[in-house]
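Engineer: Residue numbers (this note's numbering): 21 to 327. In this text, a Cβ means the ideal position worked out from N, Cα and C, and glycines have one as well. My questions will all concern the structure given below.
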């Protein structure tokens, strides 16, 4: 069992560093890749809402979503620094590598979370602020602290936090949560397991060594590939919900169907091939897939007048 590691984060272990590299480490604490996806999906939720926000308010709302995502990422890195130390893909992060002290991440995360939620409440509306607070709390306490190290269903249940940003964007614009926002939530929620399990398949040794019970570690590769197929079959109709409820039109529907077909081909290939390369390919395509699904929503609204 991996034990918390404090030595790498001690003041003595932190070597003097150029300010530029320190700033880079602070940025890494916020998980910028995850933040970018969160900000984009939150922006789509805001733009697709039928009630336009004043430009300045919209910018502040999106900034609060970004800061909230960064705050959750920093606290996650603080809590997970012990297992990050033994995983190849995370061992060079600022905390396990000893370039920053653990309390820096915790203070940064707590400060940004408080600022983001309070600002959202004061400038935008209370519902959006409440949803932002729920997202941060869910990611930190439900996923990171409770689920991640205890159950192979960690990213299924914990995935709700990553699916909330478009709902926050919608609530920021409308002050409510409608079926349209929930359809965007469903897409991300059902996309998360295939995406995360594809990563876990080709990083299985990392998770095993760290003692994280990801599905491939607990149930094996064959069962994981079947789960990926099952969730993909649930995801495909979910991506068509915006078309079915009139939130988006034919342009979106056609693009979604094409993307769904390509995704399904990757998943079927993975189901019959135990090697790591198909899993890696699916993982990378799944990122592009979700991005293009949401781009298609924006394009449909811009060119076809839906939404």
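Take residue 295 as the anchor and find which of 218, 134, 55 and 57 has the nearest alpha-carbon.
Structural biologist: For the purposes of this step, residue 295 is taken as residue 275 along the chain shown, with counting starting at 1. Residue 295 has its Cα closest to that of 218, out of 218, 134, 55 and 57.
Engineer: Return the chain-ordered list of same chain residues with a C-beta closer than 8 Å to the C-beta of residue 243, the five sequence neighbours on each side being excluded.
Structural biologist: Mapped onto the chain shown, residue 243 falls at position 223. Taken in chain order, the residues that qualify are 235.
Engineer: With distance defined between alpha-carbon atoms, name the residue in 141, 162, 147 and 83 nearest to residue 95.
Structural biologist: Translated into positions along the chain shown, residue 95 becomes position 75. That would be 162, whose Cα lies nearest to the Cα of residue 95.
Engineer: Can residue 190 and residue 66 be called in contact, C-beta distance under 8 Å?
Structural biologist: What you label residue 190 is simply residue 170 of the chain shown in a count that begins at 1. What you label residue 66 is simply residue 46 of the chain shown in a count that begins at 1. Yes; because the gap between Cβ atoms is below 8 Å, this pair is in contact.
Engineer: Less than 8 Å between the beta carbons of residue 238 and residue 172, yes or no?
Structural biologist: One-based indexing of the chain shown puts residue 238 at position 218. One-based indexing of the chain shown puts residue 172 at position 152. Cβ distance < 8 Å, so residue 238 and residue 172 count as in contact.
Engineer: Considering only residues of the segment 63-149, which uninterrupted alpha helix (DSSP H) runs meet the minimum length of 4 residues and lie entirely inside it, listed in chain order?
Structural biologist: 75-99, 101-104 and 122-139
Engineer: Write down the C-beta distance between residue 248 and residue 290 rounded to the nearest angstrom, noting that I regard them as a contact closer than 8 Å.
Structural biologist: Here residue 248 is taken as the residue at index 228 of the chain shown, counted from 1. Here residue 290 is taken as the residue at index 270 of the chain shown, counted from 1. Going by Cβ atoms, the distance from residue 248 to residue 290 rounds to 7 Å, so yes, they are a contact pair.
Engineer: Can you tell me whether residue 222 is buried or exposed, with buried defined as 16 or more other CB within 10 angstroms of its CB?
Structural biologist: Residue numbering aside, residue 222 sits at position 202 when the chain shown is read from its first letter. Answer is buried; the Cβ neighbour count reaches 16.
Engineer: Assuming residue 156 contacts residue 91 under a Cβ cut-off of 8 Å, what Cβ separation, rounded to an integer in Å, is found between them?
Structural biologist: For the purposes of this step, residue 156 is taken as residue 136 along the chain shown, with counting starting at 1. For the purposes of this step, residue 91 is taken as residue 71 along the chain shown, with counting starting at 1. Rounded, the Cβ-Cβ distance is 6 Å, consistent with contact.
Engineer: Is it buried or exposed for residue 323, if we count other Cβ within 10 angstroms and need 16 for buried?
Structural biologist: The residue given as residue 323 occupies position 303 in the chain shown. Around the Cβ of residue 323, a 10 Å sphere holds fewer than 16 other Cβ atoms; the residue is exposed.
Engineer: Residue 275 to residue 321, Cα distance in whole Å?
Structural biologist: Walking along the chain shown from the start, residue 275 turns up at place 255. Walking along the chain shown from the start, residue 321 turns up at place 301. Using only the alpha carbons, I get a separation of about 13 Å.
Engineer: Would you mind reading off the limits of the alpha helix (DSSP H) that contains residue 162?
Structural biologist: Your numbering for residue 162 matches position 142 in the chain shown. For residue 162, there is no enclosing alpha helix (DSSP H), since its DSSP letter is neither H nor E.
Engineer: Would you tell me roughly how many angstroms separate the C-alpha atoms of residue 137 and residue 285, rounded to the nearest one?
Structural biologist: To locate residue 137, count along the chain shown from 1; it is residue 117. To locate residue 285, count along the chain shown from 1; it is residue 265. Inter-residue distance for residue 137 and residue 285 is about 41 Å (C-alpha atoms, whole angstroms).
Engineer: Considering only C-alpha positions, which residue in the set 76, 301 and 292 is nearest to residue 216?
Structural biologist: By 1-based counting over the chain shown, the position of residue 216 is 196. Here the closest residue by C-alpha is 301.
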